[in-house]
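All remarks here apply to the structure that follows.
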Amino acid sequence: MTYSFTEKKRIRKTFSKQAGGDLVPNLLDIQRGSYRKLLQKDVATQQRIDQGLQAAFKSVFPIESYNGLASLDFVSYRLGEPTYDERECKRQSRIYSAPLHAVLRLMVFEKIAGGEKVIHDVKEQDVYMG
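So the sequence shown is residues 90 to 219, counted in my numbering.
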């Protein structure tokens with residue numbers, strides 16, 4: 090069965106009302122920008138806005154005990170350096186990841202005779218999150 094030129098090469102027509110509809114954005118840049126917003130790695134701890142990981146931590150903390158005599162507060166987080174570089178991870182079929190550390194503050198209260206809570210002890214510690 091033989092085909093003619095037009096049957097082999099289909100002529101494409103566009104019925105869109107906007108010219109230049111075939112421009113595709115750089116999808117990798119979109120994904121990298123989203124990842125930068127999530128981590129806020131290059132932003133100082135005090136300068137971080139409530140989005141991404143910062144917003145996730147802020148939404149969960151503070152955690153208070155049932156009787157109200159202890160409270161666990163989120164202070165900040167930091168990302169460590171990855172154990173292996175990208176090429177090494179690809180070569181060894183490993184996951185490219187970086188350790189996440191959070192600084193948490195535990196406040197223990199003591200009730201006095203009037204029913205008031207007074208801070209008894211405060212501990213702040215760097216915790217490995219994964």
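The C-beta atom is built at its ideal place from N, Cα and C for all residues, glycine as well. Remember, it's a predicted structure, so these values are computed and weren't measured experimentally.
Query, Result
"Tell me the DSSP secondary structure of I208 in three-state form.", "strand"
"Which class does S165 belong to by DSSP, given the choice of helix, strand or coil?", "strand"
"CB-CB under 8 Å to P151, same chain, minus the five flanking residues each way: which ones, in chain order?", "S160, L161, D162, F163"
"Check this for me: beta carbons of K126 and L168, under 9 Å apart or not?", "no"
"DSSP state of A191, grouped into three classes?", "strand"
"By a C-beta neighbour count over all protein chains shown, 10 Å radius and 16 as the cutoff for buried, is L193 buried or exposed?", "buried"
"Check each candidate in L142, S105, V149 and name the one with the smallest Cα separation from S123.", "L142"
"So, is Y217 buried or exposed, given that buried needs 16 or more other C-beta atoms within 10 angstroms?", "exposed"
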